[in-house]
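*Asks:* FYI, the numbering for the first sequence is 1 to 445, going by our numbering. Beta carbons are placed, not taken as given, at the ideal position from N, Cα and C, and that holds for glycine. Computed from a predicted model, the values in this text were never measured in an experiment.
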Amino acid sequence: MRLSRYFLPVLKENPSEAQIVSHRYMLRAGMIKQQAAGIYSWLPLGFKVLKRVEEIVHQEQIRAGHIPLLMPTLQPADLWRESGRYDDYGQEMLRIKDRHDRDMLFGPTNEEMITDIFRSHVSSYKNLPLTLYHIQWKFRDEVRPRFGVMRGREFLMKDGYNFDLTREDALHAYNRHLVSYLRTYERMGLQAIPMRADSGPIGGDDTHEFLVLAETGESEVFYDAAVTDIRMGAREINYDDKAQCQSVMEEFTALYARTDETHDAALFEQVPAERRRSARGIEVGQIFYFGTKYSESMGATVVTPDGSRVPVEMGSHGIGVSRLLGAIIEANHDDKGIIWPEGVTPFHVGIVNLKQGDAGTDAACTEIYQALVAAGLDALYDDRDERAGAKFATMDLIGLPWRITIGPRGLSSGVVELTSRRTGVSTEFTAAEAVVKLLEIYAAH
RNA sequence: CGGGCUAUGGCGCAGCCUGGUAGCGCGUCCGUCUGGGGGACGGAAGGCCGUGAGUUCGAAUCUCGCUGGCCCGACCA
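1) Leaving out the 5 sequence neighbours to the left and right, which residues in its chain are closer than 6 angstroms to isoleucine 329 when beta-carbon positions are compared?
2) Can you name, in chain order, every residue of its own chain whose Cβ lies under 6 angstroms from the Cβ of serine 322, other than the five neighbours on each side?
3) Could you give the distance in angstroms between the alpha-carbon of glutamine 494 and the alpha-carbon of glycine 281?
4) Is it true that the CB of tyrosine 185 sits closer than 8 angstroms to the CB of isoleucine 287?
5) Going along the chain, which residues of its own chain have a beta-carbon closer than 7 angstroms to the beta-carbon of glycine 360, five neighbours each way excluded?
6) Expressed to the nearest angstrom, what Euclidean distance is found between the alpha-carbon atoms of tyrosine 378 and valine 349?
7) Report the rounded CA-to-CA distance for glutamine 19 versus leucine 27, giving the unit in angstroms.
8) Would you tell me roughly how many angstroms separate the C-alpha atoms of tyrosine 256 and alanine 37, rounded to the nearest one?
9) Are at least three pairs of beta-carbons, each pair with one atom in the stretch 159-179 and one in the stretch 303-323, less than 8 angstroms apart?
10) Who are the Cβ neighbours of leucine 11 in its own chain at under 6 angstroms, not counting the five residues just before and after it?
11) Bridge partners of glutamate 417, per DSSP?
12) Please state whether the Cβ-Cβ distance between methionine 93 and leucine 105 is less than 8 angstroms.
13) Taking all protein chains shown into account, decide if alanine 64 is buried (16 or more other Cβ within 10 angstroms of its Cβ) or exposed.
14) Alpha carbons only, please: which of Arg309, Pro346, Thr405, Glu440 is nearest the one belonging to aspartate 362?
15) Within this structure, are the beta carbons of methionine 188 and valine 415 separated by less than 8 angstroms?
16) May I ask you to report which of helix, strand or coil DSSP gives alanine 64?
17) So who's on the other strand from threonine 109, going by DSSP bridges?
18) Just reading off the beta strand (DSSP E) that serine 316 is part of, what are its end residues?
19) Compute the Euclidean distance between the alpha carbons of glycine 320 and asparagine 332, then round it to the nearest angstrom.
20) Output needed for methionine 395: all residues of its chain with C-beta closer than 8 angstroms, excluding positions within five of it in sequence on either side, in chain order.
21) Where do the N-terminal and C-terminal ends of the beta strand (DSSP E) with aspartate 164 fall, by residue?
22) To the nearest angstrom, report how far apart phenylalanine 118 and glutamate 283 are at their CA atoms.
23) Check whether the stretch 365-373 touches the stretch 229-245, taking contact to mean three or more Cβ pairs, one atom from each stretch, closer than 8 angstroms.
24) Isoleucine 351 by DSSP, collapsed to three states: which one?
25) Going by C-alpha distance, which of Arg387, Leu418, Arg384 is nearest leucine 400?
26) Is it true that the stretch 137-144 meets the stretch 161-170, where meeting means three or more beta-carbon pairs spaced less than 8 angstroms apart?
27) Could you check what DSSP says for arginine 85 in three-state terms: helix, strand or coil?
28) Quick one: Cα of glutamate 60 to Cα of tyrosine 239, how far?
29) Spell out the partners DSSP gives leucine 94 in its beta bridges.
30) With DSSP as the reference, label tyrosine 256 as helix, strand or coil.
31) Kindly indicate which residue of Arg196, Gln270, Ser295 has the alpha-carbon position closest to the one of glutamate 250.
32) What's the call for aspartate 462, buried or exposed, on a 16-neighbour Cβ count within 10 Å?
33) Please report the distance separating the alpha-carbon of arginine 463 from that of lysine 158.
34) Thinking C-alpha only, which one of Glu17, Met298, Glu386 is nearest tryptophan 80?
35) For the putative contact between tyrosine 294 and glutamate 111, defined by C-beta atoms under 8 angstroms, what is the C-beta separation to the nearest angstrom?
36) Within the same chain, show all residues whose beta-carbon is closer than 7 angstroms to that of serine 124, passing over the 5 residues directly before and after it, in chain order.
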């Protein structure tokens, strides 16, 4: 993409409405525009990152054996009356009437609807286990939306639901989700720590929240510092292997890590004093095992091998997709702007033409731009008639992890510069070498 | 939902207290010079001062209502 033909409305100054760094940078980098309290348009750059994050979530869910579908944003109230939550959910649920005066709602979550789909089409244990998920916009009418996409009213969320015959199988589904979520966050350059949590309005027996440590986090968290040393890394996972999933789950949840809702001061005291930490965290996902809470109230049953009929075992699992963009920025920025991890960056590399209008540099830039595109890399070529400083400032702000800088000085000796946004380190390469180098970097992502 | 603050050109702000017909920086557009970290000079466009009512000869400015937005708290993926 040539920047002169793109739509990137960057702001030089901080909008007064934005208080935290991710919100400020998303507005300044032209990623989002607020349309109402807690409701945003996703401008091209923001939309690109949102799609990359969404794609990683899809890939890791499918890898874990979970099946995508898509349910509507608007739901009939009757389903929620069946589960009893129409009255329980409170004013956070946006209630709407259609032209026939029927009660509708903009879904804050989908347990009822997925249970309805399940009971309509599944009646035998032979169809189990089954895990269905979708990535869809949700609406929760928060009293006080704030912090940009971190706490909007409308938000994009991946929510998944597992259906199993036995408690043991359902707990395996729980573990599968825990493992797949850890992989998902790591691919986005985030460390999200599973913490024992409170089940809230979903209800259930077992639940973990995934928290990214950040000063601007809304939750207070307490943990053993040793949990921050554990990584999924490149280990191979067989999602059908119950013992392996169980052991990964245990590895990541054995040490003390809790939010203030479930914090137990006495237990925390048992963590060696030098490893005790309290901090703030951003919640980017939560998994629940809740057994037969919905299947009983809504009549989702299956026939067992011995011919009896039992309510199905369930769990639900969510990742805050749009919120993740805020969390990624909170965890990856400096005073000049965003620093995208390679896995989610809107463009793989930015090209800065230092002397726009100079025949030699223009030609060199066009050539390397075309070479990058031909190599399958997504490049943003800043071909505006701006001075070098303005171009650097824009590139730093929008946070592309790699920048190729091309000017007459380097070209006179046949080189361009490749610069890391994160380290600031520049290395000189020939144009062809720079393309190869970038292909190597992105081969891992 | 309680408490506080705020609304002036695309963005950030001044003007309001002490009413007299709106200004600054950035951005945008045109031109010239410039060309390795938001450059210089010259020119230009862009605002019924959130909205409704009231006070007044006259309201961005004073009064009241309404609606946005922000902060603290309670709530929350």
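*Replies:* So, to answer that:
1) Translated into positions along the first sequence, residue 329 becomes position 329. Excluding positions up to five away in sequence, the list reads Ser22, Tyr25, Ile338.
2) For this step, residue 322 is matched to residue 322 along the first sequence. Val149, Phe155, Leu156.
3) Outside the displayed span of the chain (1 to 445) sits residue 494, for which this structure offers no information.
4) Here residue 287 corresponds to residue number 287 of the first sequence, with the count starting at 1. Here residue 185 corresponds to residue number 185 of the first sequence, with the count starting at 1. No, the Cβ-Cβ distance between isoleucine 287 and tyrosine 185 is not below 8 angstroms.
5) Looking up residue 360 in the first sequence gives position 360. Within its own chain, the residues whose Cβ lies closer than 7 angstroms to the Cβ of glycine 360, once the five positions on either side in sequence are excluded, are Pro408, Leu411, listed in chain order.
6) Numbered from 1 along the first sequence, position 378 holds the residue referred to as residue 378. Numbered from 1 along the first sequence, position 349 holds the residue referred to as residue 349. This sequence places aspartate at residue 378; tyrosine is not what is there. If I take the Cα positions, the gap works out to 7 angstroms.
7) As a first step, residue 19 must be located in the first sequence, where it is residue number 19. As a first step, residue 27 must be located in the first sequence, where it is residue number 27. Approximately 11 angstroms, taken between the alpha carbons.
8) By one-based count along the first sequence, residue 256 stands at place 256. By one-based count along the first sequence, residue 37 stands at place 37. Approximately 37 angstroms between the Cα atoms of the pair.
9) Segments in contact, yes.
10) One-based indexing of the first sequence puts residue 11 at position 11. Excluding sequence neighbours, leucine 11 sits near Arg28.
11) One-based indexing of the first sequence puts residue 417 at position 417. Looking at the DSSP assignment, glutamate 417 forms a beta bridge with Thr405, Glu428.
12) Working through the first sequence from its first residue, we reach residue 93 at position 93. Working through the first sequence from its first residue, we reach residue 105 at position 105. Between methionine 93 and leucine 105, the CB-CB gap stays under 8 angstroms.
13) Looking up residue 64 in the first sequence gives position 64. Flag for alanine 64 reads buried.
14) Sequence index remark: in the first sequence, residue 362 carries index 362 (1-based). Comparing alpha-carbon positions, the option among Arg309, Pro346, Thr405, Glu440 lying closest to aspartate 362 turns out to be Thr405.
15) Counted from its first residue, the first sequence places residue 188 at position 188. Counted from its first residue, the first sequence places residue 415 at position 415. No.
16) Locating residue 64 in the first sequence gives position 64, where the first residue counts as 1. Here alanine 64 sits in coil by DSSP.
17) Within the first sequence, numbered from 1, the residue matching residue 109 stands at position 109. BP columns for threonine 109 are empty, so no partner.
18) Position 316 of the first sequence, counting from 1, holds the residue named residue 316. 313-320 is the span of the beta strand (DSSP E), which, as asked, contains serine 316.
19) To locate residue 320, count along the first sequence from 1; it is residue 320. To locate residue 332, count along the first sequence from 1; it is residue 332. Going by the C-alpha atoms only, they are around 18 angstroms apart.
20) Mapped onto the first sequence, residue 395 falls at position 395. Contacts found: Gly350, Val352, Asp382, Arg403, Arg421.
21) To locate residue 164, count along the first sequence from 1; it is residue 164. First-last of the beta strand (DSSP E) with aspartate 164: 154-164.
22) Taking the first sequence and counting its residues from 1, the one referred to as residue 118 is at position 118. Taking the first sequence and counting its residues from 1, the one referred to as residue 283 is at position 283. Distance from the CA atom of phenylalanine 118 to the CA atom of glutamate 283, rounded to whole angstroms, is 29 angstroms.
23) Counting Cβ pairs under 8 angstroms, fewer than three are found: no touch.
24) Counting from one through the first sequence, the residue named residue 351 turns up at place 351. Shown here, isoleucine 351 sits in a strand according to DSSP, grouped into three states.
25) By 1-based counting over the first sequence, the position of residue 400 is 400. Residue nearest to leucine 400 within the set Arg387, Leu418, Arg384 is Leu418 (criterion: CA-CA distance).
26) The stretch 137-144 is not in contact with the stretch 161-170.
27) In the first sequence, counting from the first residue as 1, residue 85 sits at position 85. When DSSP states are grouped into helix, strand and coil, arginine 85 belongs to the helix group.
28) Counted from its first residue, the first sequence places residue 60 at position 60. Counted from its first residue, the first sequence places residue 239 at position 239. So the two alpha carbons sit approximately 11 angstroms from each other.
29) Numbered from 1 along the first sequence, position 94 holds the residue referred to as residue 94. Looking at the DSSP assignment, leucine 94 forms a beta bridge with Phe106.
30) Stepping through the first sequence from its first residue, residue 256 is reached at position 256. In the three-state scheme derived from DSSP, where H, G and I count as helix and E and B as strand, tyrosine 256 is classed as coil.
31) Along the first sequence, read from residue 1 onward, the residue named residue 250 stands at position 250. The candidate whose alpha carbon is nearest that of glutamate 250 is Arg196.
32) The chain is shown from 1 up to 445; residue 462 falls before or after that span and cannot be answered.
33) This structure leaves residue 463 out entirely; the chain is present only between 1 and 445.
34) Along the first sequence, read from residue 1 onward, the residue named residue 80 stands at position 80. Looking at the Cα atoms, Met298 is the closest of the given residues.
35) Start at 1 with the first residue of the first sequence, and residue 294 comes out as number 294. Start at 1 with the first residue of the first sequence, and residue 111 comes out as number 111. 5 angstroms between Cβ atoms; contact.
36) Numbered from its first residue, the first sequence carries residue 124 at position 124. Sequence-distant Cβ neighbours of serine 124 in its own chain, meaning closer than 7 angstroms and more than five residues away, are Val302, Val303.
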